[in-house]
Each structure stands twice: as C-alpha cells, then as structure tokens.
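One structure is given here, and the rest of the page talks about it.
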Amino acid sequence: MTRPQRTRIRTIPLLVGVAVLAAVAACAPGPAPRASNTASLGPVSRNVGSGKITLTVWDQNTDKGIDEAQQQLNAAFHRKHPNVTIKRVSRSFTDLKTTLKLALSGDNPPDVVQANQGYPDMGAFVKAGLLRPMNDYADLYGWRDYYPSSLLKLNSFSRDGKTWQGGDLYGVSQTGELVGLYYNKSVLAEAGIRTPPKTVAELTADLKKVKATGKVPLGYGDVDKYPGIHLYGFVLSALAGRAKVNDLVKSSSGAWTDASEVDAAKTIQRWQRAGYLTPGANGISIDDAVASFGQGKSGFLVTGTWYEATLHDKNVGFTALTPPGAANQVTMGGEGLSWSITSKTRHANAAAAYIDFIAGRSSTATLIKNGNLPVVVPDSDTPPAGVAADITREYRTISRANGITPYLDYTTPTFYDTLTAAAQDLVAGRLTPAAFCQKLQADYAAFGTSNR
Amino acid sequence: MTVSRTRRPAPVPTGAGRRAGRRTRGRRRSRVAYLYILPAFAVFAVFLGYPFLQTIQYSFYDWDGLSAATWAGVANYAAVVTDPTLRAAFGHALVLMVFYAALPIAIALLLTTLISRAHRLRAMSVYRTVLFVPQVIASVVVATIWVSIYSPDGLLNEGLRLIGLGSLARVWLADYSLALVAVGFVGTWLNVGLCLVLFLSGVGNIPPVLYEAARIDGAGPVREFFAITLPSLRGQVAVALTLTVTSALKTFDLVYVTTSGGPGNSTTVPGFEAYHRAFGTGQVGSAAAVAIALTVVIMIVTALIHRLNPKEVG
C-alpha cells in the first residue's frame, strides 16, 4: 500500500506550483488592449507612387475558374503598376476563416485580405480595429455609383463593430452569388411539370409530382452542416421576404420564433416526412448530392451559384422563388467575401488601387471569361442559353430589385454552429419546428444582450 | 484520503552527524542533477509550460481572440458543467474510451493468446507490421477511408446487403444513436494493432517454463491465460491503457473529418469543441476552459492507471 506515495509526493508540489503561477498569470491585464478605432486616416490618392512596394494579399479564390481569373488580374495589375509586386497567399474558405484572425492580430499582417461579412468575422475584426474604413476610397474611386447600395451595406459596419450594415465601408466584393433552385428539365418533364415553380407552395406541389416518378424530389446532403443554412435560408427568404429576413439578421427587429420562421421550418420538416428530401441526408455530402442531381437522379436542388461550372448542362435550369404578396423573387445570397485593407498596412493607396482593379469595373471581363459571376453584371454579358444564362439573368434581376437576403449565419458569432446543428436535428425529426426556432432565438437573444 | 500518509517522514538513519553529512552530499548531488534536466526543462517551459499557463489565463476571460478581453471569473468553467453541449462532449469522450481502450485491449489480449500459441510463427514480424499499419497511416487518411466505408453505398452497407441484412443498412454517420459508435469503432480498429504489438513483446518475455509448469499441473488454455499471461502483461496493459485512454479523451481528427460533431451535436468531443470555439466561433476563453478541463481529466485518469503499473510496487 506504499505504492501511490511516490507519485503523490511529486504531484502535490507540482500542482501547487501550477496553481500559484496560474493565480499570478490571471492577475495580468486582458490579453489584447483595444486598438484605437478613431485614429485619423491620412489623405488618400489614386497615385501609387514609383517606389518598390510589395503587397501581401490573402484571398480564398482557390476554385479553378476564380483562381485563374485572380492570377490574370494580378498579372495585369503588375503590368499597370510595375513597381507593385503582389505576394499572393491563397487558402480555402475554411482555412482562411481559421487562420485570418491570427494573421490579422500579429504585428505584420497582410495588406489586403478577404474578410467574410457579418458579425463573426468582419464585425470582430472591425471591433478590434484591424480593418481600415474605406469611405474615403469609395469616394475616390466612385464605388458608390458602381456597386448597388444593398451590396455595399453588407460590407459596412459601425466603427465600433457592433452594428452591421452601419455607416463605414470596410471593403468591396468581386463576385456575386445566390442560393437558388436548380432543376433538371427532363426529370420535370417526366413528372409532367411544364414550368418551374414560382412559390414555395408550387414547389411543394412539384416535389409531390416528382416523388410519383420514383426519383428523389429534392437532392439534399448535409454532412458538411452548412447546406442546412442554405436550405433553411432559401425557404425562409421565399416565405418571409427580404425586409423581414434582413432586419432579423442585422438584429434590428423581429424574432426567430415569428410565424414565417416557424413556417419555413415546418415546410422543411414536412418535405422530409413526405420523403421529398434525399434519404439519410445528414450523412451525405453536398458534393455527392450535387453529383447525383447532375446525373438526373433528383428533380430539384437548392444550392449556390458557385456550382454553375459543375452543373453546366443544357438540361439544368436555375431559378428563385417569389414570396406570397411580393412583386419580385427573393433569395439568400449576395456577394463573395469582402476585399479589405488592414489598418496596419503602410501602403493603403496601393492596396486600394489593387482592390479597385481586381474587384471594380476593370475586373468584370476577366471574371466572366473564366466562368465567374462578377458582383456587378454588365448589360453586355449575355451567355448562351443554359444554366449560366439562367444564373446571370436571375442574379441581375434579383440584385437590381434588391431581392437578396443576407446569409443567416451572419446573425451572431455562434449562429453558424447553432443553425447548422439545429438544421440537422430538424431534418432528422429530433426538433419540432417550434423548438428549432427557439434554439435560434436563444442564440440571437444571448448575442443581443452581450453586444449591446 | 490518504494525503496525511504522504507527509510521514521517510525513515532516516539514526545519529545526527551522519544524517547531516548525508543531507549536504545529497543536496549537492541534486543540484548537479538539476543542471542535467535544465535543457529538457527549458524546451518544456517554452513549448508546453508557458502556453499551458497562458491557456489557464485565457480560461478566466471572455475573449473573442481579437478585441479586449473581459474578466469572466469561473464562468467558463461553470459552463463546462452546465452547458449541455459541453457536458455532452465530455460524455461522448467517456463513451469513446470503451471503443478506444477497453475493446482494443480485450481484442488484443485474445489475439495475443492465439498468436503466442502458434510457436515460432514464420514471418512473425510481417504480421506484426501489418497489424501495426493503422497506427502509421495519417489519421486524416484513416478517417476519409472510414467515411467512404460508412457512406450510403459504402463497403459496410453493400456488405450487409450481400448477406441479406439490407434492412440494417443505413447512413451510419447520420444516425443519431449510431454515429458515435461508428466513430468509436474506427478508434478500435486503430488501437488494436498498437495493443497487440505491445502485448506480443510482453508475451515474449514470459519464461516458457511457467507455461510448462502450468500444463503439467493440468491447466487449460483459459486457466493459463488468467494465471500466467494476464498477470505477466500487467505492465504492458497499463501502458496500453494510458496510451489508448488518452487518445480517446483527446480525440479530434477523426471527429473533425468524419462528422464535424454531427448529426446535431451527437459526436462532439472536448478536443473538437476547444478547437471550434477558439478558431471558429471566437470564444477563446471558453475554448481554453474546455482544454484545461480536458487536461485535468486526462491527468486524473492517467494517475489512476498509473496505479496498475507493477514497476511502482515497492
């Protein structure tokens, strides 16, 4: 029985030491003092000078089409300004999301970064004073005339980072995107559907018709968890309309337990119960769901315009739904990540010139040529009939009619987690629509308390 | 419980002079000893000690990782106990211990007795290597392989259909009650090889005379196992337990790749929660508290297992 003694004699002083050190460490001030958000910004100029400048740029343009466009744009910018060298660091969206925070909080951050909109990323960066407000450059480069105001709003915050869509612009976006309804024309013809649905009610009726043919009515795969945001956001936007959803996400009014929010959840659960969604969707990847839709195994698919290249097929169409009583289509989407300037950069003028070059008017031709949807689609762009033409048409109409609702995960820093987990529970029938909405509301209410 | 006993002075030789002389010599010797451990300690302090203390500090703050932190007291630790998601994460880690530790050790012991009876097996090292292979493959690769095995038209479901059990086929990683078991089973598959290699080397050290004696006394294979093999392998079992239990508690990669904690939150584990809160949702304080709580749990469990180790006897 003397055996344990030796270990104890050694561990007790060790634990005491750790506890003492911990107490000392805990007396230290907060890990990061608040950076000054109100520092005055110097005069701005279109002139990038002639001295040698290296701009470090972090982007997330890793997919084939956009990666090629980015390379061409960077090369063209270097030809225009030979004294500016672009040092490009390209990471996938998820990798960028996890590493950008660390990079920005260091002493030597990149000059230009792509920041995700909403409270979790851009809001946190603005709050910590890591991004440079760009109102002055917006005036200099005429961005307010070029970009639709609703899209600039998405890239804006109050200077304290607490109010999204506030007064200060923190970046502009390069590409546009929409979550919409892809449909397979031959599957629809087989089910006797002549025109694609225009409302949620029509879609539900069409799903029933496709079910009768034995095909999967609505392809869905949610093992990656984020497609849950797209499905719920798509249905919610098409039921509640733009104003309601936008106010809710930017925390200005409304509750997640309101009638239209519960209705959207009910709709999805009803589709699941009726066997309209891919069976076992929670264990199927979105890539698999897209591939099987592409092979004609399902009639409809709700996902983003970024699958345009994958679903490039004359049999595939793309549309969005109109909320009851509304004049125009409304769906979730908006724009790619914002191109922003960090507050510690020493080359703000060159950074702004770069952003204007790769995301502004001069970038559209290169973007379109490589199969991307520029954030502002020029009237001259008329792709041949097919899914690309559908997407360009829908995006142009919906963005001009101001029918785009923001991604729901912008709502709070933890909303991505809350919504994705709850969406899986909803589809699995483990949460009632009311309980699902209460979960979202609890997260929303907690953030409302802490952010104010 | 028995802390008082640890304070009992060690028996010392009588005679004040002898005692004093011994003490100074001992002290000088121990000072030199500190110099020897200094390099190792410096590495530990810089790469483990300091970050550990920093993590403890973070755990008492409410911090998004970027802007100013606010003092949170023990709220983050309270949340580890009260937040149902975090409580569930620790519960899942306990369930995984069965699959990562208990099952592999039981299976490996069984295999050890079988294999060790095949005296002087040819190409033994080849089998040993093959069984150890899962440990060598990068865990992301292992996880990806199992995602495809568990997929709707994967190996497992196709196998079930082939033998007429198609009704059991399901999307394993999407099943709320089975996803955790599915992830745990990957851990079993991973750890059996490790345990087996440990046990086989242990069995090699048991004097064959013991088995001969047992057989002469009329012991069957079962009796032989419990009377000779198992007691002799106590050290190896303790090592295997430490390694596998720790791997169960700190598991992250398998969950990250296979399910991201889903469906719902049914497969989250503390390691995943710590990562996700720190880098995903900007809750650095909470992430640090989870990490510290996990460290404490691992220390306690390892200390308990340490008691099994026969080297400590005496």
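Order-wise, the sequence lines are chains A and B.
Residue numbers 1 to 452, in our numbering, belong to the letters of the first sequence in order.
Residue numbers 1001 to 1314, in our numbering, belong to the letters of the second sequence in order.
Ideal Cβ placement from N, Cα and C applies to all residues, glycine included.
Given the structure is predicted, the values throughout are model-derived calculations rather than measurements.
- Inter-segment contact for the segment 362-379 of chain A and the segment 60-69 of chain A is present: three or more beta-carbon pairs are separated by less than 8 angstroms.
- DSSP places W306 (chain A) in no alpha helix (DSSP H); its state is neither H nor E.
- In this structure H230 (chain A) is buried. Its beta-carbon is surrounded by 16 or more other beta-carbon atoms within 10 angstroms.
- DSSP places S340 (chain A) inside the beta strand (DSSP E), whose first and last residues are 338-341.
- Contact between T1112 (chain B) and F1185 (chain B) is ruled out by a C-beta separation of about 21 angstroms, above the 8 angstroms threshold.
- Between F300 (chain A) and L181 (chain A), the gap from beta carbon to beta carbon is short of 8 angstroms.
- Secondary structure at M1299 (chain B): helix, using DSSP grouped into helix, strand and coil.
- Straight through space, the alpha carbons of N315 (chain A) and T278 (chain A) are spaced by roughly 20 angstroms.
- In the same chain as K209 (chain A), and ignoring 5 residues on each side of it, the C-beta atoms closer than 7 angstroms to its own belong to A191, G192, I193, in chain order.
- Taking 8 angstroms as the CB threshold, Q424 (chain A) lines the interface with chain B.
- Restricting attention to beta strand (DSSP E) runs no shorter than 3 residues, the segment 99-172 of chain A encloses them at 112-115, ordered along the chain.
- Inter-residue distance for Q174 (chain A) and V262 (chain A) is about 34 angstroms (C-alpha atoms, whole angstroms).
- Going by C-alpha positions, V172 (chain A) is about 19 angstroms away from I398 (chain A).
- R1170, V1171, W1172, L1173, A1174, D1175, Y1176: these are the residues of the segment 1167-1178 of chain B whose beta carbon lies less than 8 angstroms from some beta carbon of chain A, given in chain order.
- For the C-beta of T98 (chain A), the chain B residues within less than 8 angstroms are, from N- to C-terminus, F1279, G1280.
- In the three-state reduction of the DSSP assignment, V89 (chain A) falls in the strand class.
- Contact between the segment 323-335 of chain A and the segment 124-134 of chain A is not established, with fewer than three Cβ pairs separated by less than 8 angstroms.
- Bounds of the beta strand (DSSP E) holding P217 (chain A) are 216-219.
- Proximity to T345 (chain A) across A:Q60, A:L102, A:D107, A:S50 peaks at A:D107, based on C-alpha coordinates.
- Of all residues in the segment 1066-1087 of chain B, only L1066, S1067, A1068, A1069, T1070, W1071, T1085 place a beta-carbon less than 9 angstroms from a beta-carbon of chain A.
- Not one beta carbon of chain A lies nearer than 8 angstroms to the beta carbon of P1270 (chain B).
- I404 (chain A) carries a strand assignment under DSSP once its states are collapsed to helix, strand and coil.
- Each of A:E177, A:Q295, A:S298, A:R132 was checked against the Cα of S343 (chain A), and the nearest Cα belongs to A:R132.
- Around the CB of K244 (chain A), 16 or more other CB atoms lie within 10 Å, so the residue is classed as buried.
- Close partners of G1235 (chain B) in chain A (Cβ separation under 9 angstroms) are lacking, with about 14 angstroms as the shortest Cβ gap.
- Against F125 (chain A), the close residues of chain B are L1066, in the order they occur along the chain (beta-carbon pairs closer than 8 angstroms).
- Taking 8 angstroms as the threshold, the shortest C-beta distance from T432 (chain A) to chain B does not fall below it.
- Under the 8 angstroms criterion on CB atoms, G1262 (chain B) is classed as interfacial with respect to chain A.
- DSSP places G1187 (chain B) within a helical segment (H, G or I) once states are collapsed to three.
- Excluding sequence positions up to five before and after W256 (chain A), its CB lies within less than 6 angstroms of the CB of C437, L440, Q441, Y444, all in the same chain and listed in chain order.
- Counting only Cβ-Cβ distances below 8 angstroms, D417 (chain A) has contacts in chain B at H1276, G1280, T1281, in chain order.
- The C-beta of S1059 (chain B) has 16 or more other C-beta atoms within 10 Å across all chains shown, which makes the residue buried.
- Rounded to the nearest whole angstrom, the C-alpha separation of Y395 (chain A) and G176 (chain A) is 8 angstroms.
- Identification of residues in the segment 1149-1161 of chain B having a C-beta nearer than 9 angstroms to some C-beta of chain A yields Y1150, S1151, P1152, given in sequence order.
- A straight line joining the alpha-carbon of G1049 (chain B) with that of T1055 (chain B) spans about 10 angstroms.
- Counting only the Cα atoms, T99 (chain A) lies some 28 angstroms from V1074 (chain B).
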